[in-house]
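The opening position of the sequence shown corresponds to residue 1 in UniProt numbering, with each subsequent residue numbered one higher. Note that the Cβ used here is the ideal one computed from N, Cα and C, for glycine as well. Since the structure is predicted, the reported quantities are computational estimates derived from the model, not experimental observations. Read the structure below first, then the notes.
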Amino acid sequence: QRWRQMKGLGNSKEFKESLKQASAMMNDPAKAAQAEAKMEHMLKRGQDDLQKAAGGMMEEAMAAMANPEVMAEMAKMLKDPNFKQQLEAMAKDPAFKDYTSAMQHMMNDPEKKERMEKLGNAFREQL
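Right, here's the structure in full:
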């Protein structure tokens, strides 16, 4: 059914007109450069938003891990082989790799890096 919808979209007057406009734009060096600049800006904003979201989630996780009960529960979960497999599968997901890459940005902040290292050491003690 979706294939039919896509096929219908590809044959629509609006889609064909959009293709013509895109082709004309790419043939004009000034317009092509303008479109490229817009795309680069959108990509940069997306990366910045991802870093902010990752940072916020990491802050929440660090605050939760400061609770000894949460830390003990996490250690217990990591000892579960099924949970370990799920984590390994998640780590291979390209979307998760983008997210962890964004979180690496936090390691540039010495204060956050120190907090993460302390939590990591405390977590290892639980294992």
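Item: I'd like the list of long-range same chain contacts for residue 75, defined as Cβ closer than 6 angstroms, with 5 residues on each side in sequence excluded.; Value: 126 and 127
Item: What number of angstroms, rounded off, separates the C-alpha of residue 112 from the C-alpha of residue 106?; Value: 7 angstroms
Item: Let me know if residue 65 comes out buried or exposed under the rule of 16 or more other beta-carbons within 10 Å of its beta-carbon.; Value: buried
Item: Touch check for the stretch 115-124 and the stretch 57-73: three-plus C-beta pairs under 8 angstroms?; Value: yes
Item: Are the beta-carbon atoms belonging to residue 16 and residue 25 less than 8 angstroms from one another?; Value: no
Item: Roughly how many whole angstroms lie between the Cα atoms of residue 72 and residue 118?; Value: 15 angstroms
Item: Which stretch, first to last residue, makes up the alpha helix (DSSP H) that contains residue 41?; Value: 29-65
Item: Pick out whichever of 19, 50 and 56 has its Cα sitting closest to the Cα of residue 95.; Value: 50
Item: Grab me the residues of residue 59's own chain with a C-beta within less than 6 angstroms of its C-beta, minus the 5 sequence neighbours each way, in chain order.; Value: none
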